[in-house]
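Report on the following structure.
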Amino acid sequence: MSDCTHPLDPEFVHPGDVDIIGVGADGEGTFFKLALPCPECSEALEVHAHVDSVEEGEFELPLDDARYD
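See the structure below:
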């Protein structure tokens, strides 16, 4: 467990810094496990993001990695 207590400010979290390390389900539904550095102290964080909605995306697959770097 991380000792980091900094809030995650979306202004400083960039898609290129985030990796999906797992997908699961619990009593709240589907979630993604994400790995990212804390923007303030660079501590390695594991974040569970629950799915609130699913919508059709306005992009083509496969995604272009350069778009997120």
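Note that full-length UniProt numbering gives residue 28 to position 28 of the sequence shown, counting from 1, and the numbers run on in steps of one.
Glycine included, every Cβ here is placed at the ideal spot set by N, Cα and C.
Computed from a prediction, not measured in an experiment: that's the story for all the values here.
Original post:
How big is the Cα-Cα spacing for E55 and A35?
Top reply: 23 Å
**OP:** Would you mind giving the Cβ-Cβ distance between H6 and C38, rounded to the nearest angstrom? I have them listed as a contact below 8 Å.
**Re:** 5 Å
**OP:** Look at G16 and K33 and say whether their C-beta atoms are less than 8 Å apart.
**Re:** no
Original post:
Taking just the CA atoms, how far does L8 sit from S42?
Top reply: 12 Å
Subject >> Given E46 as reference, the closest of F12, F31, D26 once Cα atoms are compared >> reply: F31
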